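*Asks:* In the working numbering, the protein residues as written are 9 to 270. All C-beta atoms, glycine included, are put in the ideal place defined by N, C-alpha and C. Remember, it's a predicted structure, so these values are computed and weren't measured experimentally.
The following block contains the structure:
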């Protein structure tokens, strides 16, 4: 009998077909880690895809959690999930097309194109209620990494980015903290950092966290050949398909065209 060990799962309803989908990371009987996606079993034709190939491109993988953060709403959209990897202090970004899912569950990962580095000892991950921020507790670093999941216009980013790192020692100035952080919760705009051996929590008001500004588009997305769109001054729009930038003037004036070669 082949046994499987679950390494994390999450469920999210997908507006595209009004069914719940589950994503699960698991260790198969051969000891290899895989990712699989399945829809609601009550569907007339239940769908299950992914898991055919073991995960590659990641050494020292320690799967801690996996969470959806963006629901697929059209056939060209993609569901998105975060995968917390303690072994590499990394949050992997997973793209899943539930319409054409037979070929869309990733098995190969690359830190340069779909990884967001966090602190050492990344042990717990939560999201805010609107799925615009993720927070990762780094037990070894004694920090919390704040990750933005959306661009300035509110649409999902090409790749999540760290916008702040909260040092837990700075939360209570003048106090010596002697607890070992192991759990992280989000409730009504506050982060609750807990120690399994203590009954109290360290409370962080997320509205008081100072975030740095990050570009909507990333060099990694361009290098990967993803299409990135945005706007410039004078109403100009641009598209970056990975090898060059084309500019469409939105107003009369002078526009600079820049070409990027890989």
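Per DSSP, residue 101 is paired with what?
*Replies:* The residue you call residue 101 lines up with position 93 of the chain shown. Paired residues: 90.
*Asks:* If you reduce the DSSP assignment to three classes, tell me which class residue 71 lands in.
*Replies:* Here residue 71 is taken as the residue at index 63 of the chain shown, counted from 1. Reduced to three states, the DSSP call for residue 71 is strand.
*Asks:* Just to confirm, are residue 30 and residue 92 a CB contact at a threshold of 8 Å?
*Replies:* Position 22 of the chain shown, counted from the start, is the residue given in the question as residue 30. Position 84 of the chain shown, counted from the start, is the residue given in the question as residue 92. Result no, Cβ atoms of residue 30 and residue 92 do not sit closer than 8 Å.
*Asks:* What are the start and end residues of the alpha helix (DSSP H) that includes residue 122?
*Replies:* Numbered from its first residue, the chain shown carries residue 122 at position 114. Element bounds for residue 122: 119-122.
*Asks:* Strictly by DSSP, which residues pair up with residue 182?
*Replies:* Against the chain shown, residue 182 aligns to sequence position 174. Residue 182 is not bridged to any residue.
*Asks:* If you draw a straight line from the alpha carbon of residue 135 to that of residue 37, how long is it in whole angstroms?
*Replies:* One-based indexing of the chain shown puts residue 135 at position 127. One-based indexing of the chain shown puts residue 37 at position 29. Taking the straight line joining both Cα atoms gives about 31 Å.
*Asks:* May I have the straight-line CA-CA distance separating residue 235 from residue 165, to the nearest angstrom?
*Replies:* Taking the first residue of the chain shown as 1, we reach residue 235 at position 227. Taking the first residue of the chain shown as 1, we reach residue 165 at position 157. Interpretation of residue 235 is limited by its pLDDT of 45, a score under 50 that renders its predicted location unreliable; no figure is taken from the coordinates.
*Asks:* Under a three-way DSSP split, which group does residue 190 fall into?
*Replies:* To locate residue 190, count along the chain shown from 1; it is residue 182. Coil.
*Asks:* Could you spell out where the beta strand (DSSP E) holding residue 80 opens and where it closes?
*Replies:* On the chain shown, residue 80 is found 72 positions in, with the first residue counted as 1. Per DSSP, residue 80 belongs to no beta strand (DSSP E) and is neither H nor E.
*Asks:* Helix, strand or coil: which one does DSSP assign to residue 225?
*Replies:* Reading the chain shown from its first residue, position 217 is the one you call residue 225. If DSSP states are grouped into helix, strand and coil, residue 225 belongs with coil.
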